[in-house]
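In our numbering, the protein residues as written are 1 to 124.
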């Protein structure tokens with residue numbers, strides 16, 4: 001397991017905890033249950049897909065499962081934007097969560113590209 005893969009395991013799990021807490025907060029405020037549930041579903045599945053990828057049966061299976069994590073991360077960003085734009089969460093309330101999601105998305109994309117193409121060779 002490479003360093004970036006280890007980082008993504010930690011970051012995606014920590015992100016899932018943040019999403020669970022955000023969901024609980026939205027429910028305590030009686031905010032839109034349907035939108036909040038969508039955020040919970042995709043936001044917590046990122047880590048589950050990353051964890052599943054690390055038990056993949058092949059390189060292609062690993063890439064596929066990381067691709068699923070990438071899609072769930074992108075969807076999470078969408079729900080955060082929608083909840084923000086519709087006023088269910090206040091501007092600024094989701095800034096750090098959105099930043100974390102975008103960082104996770106970049107890491108996952110990097111892992112997928114490296115897995116498909118191999119690491120870049122240094123030219124001396």
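C-beta: ideal position from N, C-alpha, C; glycine also. Please read these numbers as outputs of a predicted model, since none were measured by experiment.
Remark: C-beta atoms of residue 8 and residue 44 do not approach each other more closely than 7 Å.
7 Å or more divides the Cβ of residue 63 from the Cβ of residue 12.
Burial check for residue 65: the Cβ neighbour count within 10 Å reaches 16 or more, so the residue is buried. Between residue 79 and residue 40, the C-beta spacing is not below 7 Å.
Taking 7 Å as the cut-off, the beta carbon of residue 35 is found closer than this to the beta carbon of residue 83. Counting only runs of at least 4 residues, the segment 28-70 fully encloses the following alpha helix (DSSP H) elements, listed from N- to C-terminal order: 33-53. Of the residues 106, 107, 93, the one whose Cα lies closest to the Cα of residue 21 is 93.
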